[in-house]
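Below you'll find the structure, written out as structure tokens, and then a few comments.
2 protein chains.
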Amino acid sequence: MLTVEEARARILAALHPVPAETVALAEAWNRVLAAPVAARLTQPPADVSAMDGYALRAADAAAGARLRVVGAAPAGRPFDGTLKWGEAVRLFTGSVIPNGADSVLLQEDAESDGDTVLARRPPDAGQHIRRQGQDFAHGDIVLQPGRRLGARDIGLAAAANHPWLSVVRRPRVAILATGDEISMPGEPVGPGGIVSSNSHSLAALVRACGAEPMLLPLAGDDVDAIGAAAGAAAEADLLVTTGGASVGDHDLVQAGLAAHGFALDFWKIAMRPGKPMIFGRLGDRAGATAVIGLPGNPVSAFVCAVLFLRPAIDRLSGLPAGVPPVEPAVLGAAVRANDHRADHLRARLSIADGQTVATPFARQDSALLRALAESEALILRAPHAAAAHPGATVSVIRLDRLGF
Amino acid sequence: MLTVEEARARILAALHPVPAETVALAEAWNRVLAAPVAARLTQPPADVSAMDGYALRAADAAAGARLRVVGAAPAGRPFDGTLKWGEAVRLFTGSVIPNGADSVLLQEDAESDGDTVLARRPPDAGQHIRRQGQDFAHGDIVLQPGRRLGARDIGLAAAANHPWLSVVRRPRVAILATGDEISMPGEPVGPGGIVSSNSHSLAALVRACGAEPMLLPLAGDDVDAIGAAAGAAAEADLLVTTGGASVGDHDLVQAGLAAHGFALDFWKIAMRPGKPMIFGRLGDRAGATAVIGLPGNPVSAFVCAVLFLRPAIDRLSGLPAGVPPVEPAVLGAAVRANDHRADHLRARLSIADGQTVATPFARQDSALLRALAESEALILRAPHAAAAHPGATVSVIRLDRLGF
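Protein chains in written order, with this note's numbering: chain A, 1 to 404; chain B, 1001 to 1404.
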């Protein structure tokens, strides 16, 4: 059995970013930038005023003279002429500083009768001026590829005059839930049957990670049905299956995919919940679709998705991919010594004495969806970790900060 | 001038959640639930096996007898009969426990020749059985309204057999950027002109907050143009303007909206950046559109959006709305004593000795888009806060955790 870290490293080593596409700026939020964004203009385009007031020569104002207001230059309508001794030009935040002026008299420091203005508190030379290009100059790279674009990045790309951006295509992730007992919400449920939850929570998670989910029809516990789904997944970048990894003595997913050229990389990880997780690829190396076979238990499937699927999508998306963020927390209840498998205890978070306290749920059954939905963190228990008492420091993955 | 807290309280008091709509489960991720979700079935639907193995009577197995395997019950295909003394039924994770059986012998503890099975390590009565309804019972409320639906919630709603969910409609937020100097990316830029960044970053932020942005055509610094836009905003839940709040001696936005029945609530907040922020409403009280008039400076606009627009959208969306999460951090560089306005210093974060260090940018000019895009936190400086040295504890809003 592989460790969690070995398994993740092997998954990431096998995956590569998908190609780029061009999208409108208005559609680029939360996409991963695929090419550097170079400024197509200089900002500010010239020396501009940082405030409302009057452009003048500092030396004039310092002399205490009344200056003649020879014009106004609202932002976007620069003053045409050149300022001479004894002259001032009315301007506003963002106005271009006229030729000949060297500073801005603040409106609140000015005494004006419309035609003339007097500086009650004269500015220093250069004061209240934003210099040409102080934000960026034409040709400057303002955004580097590999960055997930936030709202501020979108504003920066707009200011740099880009109506289109090159972003990494959304990875296509096919989702195949298997099992004779499962059905789709709102459809007939057989005797002893349940409604599939994995396909829907995984589709949401895939979407939240910036990829495009493709929900394949449910497949029963049947090698042929699972095999048929493999064909449909050929155009996906990644096929995620749930269930069927160890049905009794059979591994139906592996058997079903075998007819479509499935090459197994590994299928067991020393972890709990979620030991039987498959990784491999479908098809030849060039046009291969990676396959992650998640366990059927919803909690196991979700924990494996946090540990492996999200990093896999990040890698396909051209993002830095690795361990989910791990933070320290104070243990809120005793935990037993761990066996050889890395454990991931579902826990609630609270704050006590300014510290984050993680309290594991008393029942850690991997079929409890309600406790899973209420979990705020996974407490990480290393293989063979000793028993720990309340107050001990533990490592947690904060589920509330994963963005899904 | 209002304090930041007073201003936010007045905005939130004036806003109410928008109505609900029904969406397909596959579209419900990240939406705000508008009605309780009651389980439409019981999960598990019966007592089921938690493991692969054999259903039997614990007393039989304890006696050391070889048990006759009288059938198999894969998940979704329950065993029809009733188990008698000396009998066992092959089953799998999720299989219904047959009548007459009281426990599950683990596959790895079983010695089977196909027709019979011997328990090498007999189970206790009740062991490895998931009880009917231990996750939820028919009629249980599994999700409460007012919750933003995460991937796990979607899985839970699916398991509870809901193909549709009632969610709060996305608030419609109209965005109006004003200014003679601004143009759209890719379009001609006038002399001394710049490309509008606010409308695009705000549209992204609005979308990230779960609302629907509606980009109105740019309006020049012109009362009539701004007024015309007001009509287009009538069907929005919220109109956000940028710029025009204090152009020289005029307040163009207020003047422009006046003809459309604008009622001002307040227009000045004791904060930096972003003092001139307008709040009010357009139209009569019943069909009113709330108006937030942001400053034109991109940094001011963004900080005001963090402090006021996001909570406003949360309130319209039916979420708990209030102060953005504030966390402690260690100051990384000296800061001066503050004046009467609450300050919001753009800062980078780092980790030293396990603590989060927030270091303000040396230049805090509210026109610097690049520094804004690189900021990871806002350091909050209360009105009249004393000068502080590196190492002091300060409060920060982590921009990297706001989801936009």
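Cβ atoms here follow ideal geometry from the backbone N, Cα and C, with glycine treated the same way.
The structure presented is a predicted model; accordingly, all values stated were derived computationally and were not measured.
Where residue 1201 (chain B) is concerned, there is no enclosing beta strand (DSSP E), although the alpha helix (DSSP H) around it starts and stops at 1198 to 1208. At a beta-carbon threshold of 7 angstroms, the residues of chain A lying near residue 1154 (chain B) are 200, 201 and 204, ordered along the chain.
Within the segment 91 to 129 of chain A, the runs of beta strand (DSSP E) that reach at least 3 residues and sit entirely inside it are, in chain order, 103 to 106, 110 to 112 and 116 to 119.
The count of Cβ pairs closer than 8 angstroms, one atom from the segment 1028 to 1044 of chain B and one from the segment 170 to 181 of chain A, stays below three, leaving the stretches out of contact. Judged by DSSP in its simplified three-state form, residue 1328 (chain B) adopts strand. In terms of Cβ geometry, residue 261 (chain A) and residue 300 (chain A) do not form a close pair [threshold 7 angstroms]. Annotation: residue 1060 (chain B) is outside any beta strand (DSSP E); the continuous alpha helix (DSSP H) that includes it extends over 1058 to 1062.
At a cut-off of 7 angstroms, the C-beta of residue 1404 (chain B) has a neighbouring C-beta in chain A. For the options A:390, A:90 and A:337, the alpha carbon positioned closest to that of residue 71 (chain A) is the one of A:90. Taking the beta carbon of residue 1162 (chain B) as reference, the chain A residues within 7 angstroms of it are 185, listed in sequence order. A direct Cα-to-Cα measurement between residue 1217 (chain B) and residue 1229 (chain B) gives close to 8 angstroms. A buried status is given to residue 51 (chain A), since no fewer than 16 other beta-carbon atoms sit within 10 Å of its beta-carbon. For residue 339 (chain A), the three-state secondary structure derived from DSSP is coil. Taking a beta-carbon distance threshold of 7 angstroms, residue 150 (chain A) counts as an interface residue toward chain B. In the DSSP assignment, residue 265 (chain A) falls within the unbroken beta strand (DSSP E) covering 262 to 266. From the beta-carbon of residue 1029 (chain B), the residues of chain A found nearer than 7 angstroms are 204, 207 and 208.
By the CB criterion at 7 angstroms, residue 1396 (chain B) and residue 1237 (chain B) fall outside the cutoff.
Counting along the chain, residue 317 (chain A) sits inside no beta strand (DSSP E), nor does DSSP assign it H or E at all.
Taking 8 angstroms as the upper bound for CB-CB distance, residue 132 (chain A) and residue 44 (chain A) are in contact here, some 6 angstroms apart. CA-to-CA, the gap between residue 1281 (chain B) and residue 42 (chain A) works out to about 37 angstroms.
With respect to the C-alpha of residue 389 (chain A), the residue from A:357, A:155, A:294 and A:59 having the closest C-alpha is A:357. For residue 283 (chain A), the secondary structure class from DSSP, reduced to helix, strand or coil, is coil. Here residue 1344 (chain B) is buried: its Cβ has 16 or more other Cβ atoms, across all protein chains shown, within 10 Å. Three or more Cβ pairs closer than 8 angstroms define a contact, and the segment 149 to 162 of chain A falls short of that threshold against the segment 101 to 112 of chain A. Chain A places no beta carbon closer than 7 angstroms to that of residue 1079 (chain B), leaving this residue out of the contacts. Residue 152 (chain A): member of the alpha helix (DSSP H) spanning 151 to 159, first to last residue.
For residue 213 (chain A), the beta-bridge partners assigned by DSSP are A:173.
Taking 7 angstroms as the CB threshold, residue 370 (chain A) lines the interface with chain B.
Across the set A:92, A:67, A:151 and A:367, the C-alpha of A:151 shows the shortest separation from the C-alpha of residue 1373 (chain B).
Judged by their CB atoms, residue 1361 (chain B) and residue 1341 (chain B) are not nearer to each other than the 7 angstroms cut-off. Taking 9 angstroms as the upper bound on Cβ-Cβ separation, chain B lies near residues 130, 134, 135, 136, 140, 142 and 143 of the segment 121 to 148 of chain A. Annotation: residue 1113 (chain B) to residue 355 (chain A) spans about 56 angstroms, alpha carbon to alpha carbon. Counted as a single uninterrupted DSSP element, the alpha helix (DSSP H) harbouring residue 1298 (chain B) occupies residues 1298 to 1304. Between residue 359 (chain A) and residue 332 (chain A), the gap from beta carbon to beta carbon is short of 7 angstroms.
Chain-ordered, the chain B residues with CB closer than 7 angstroms to the CB of residue 181 (chain A) read 1075, 1076 and 1094. Residue 1225 (chain B) places its beta carbon 7 angstroms or farther from that of residue 1234 (chain B).
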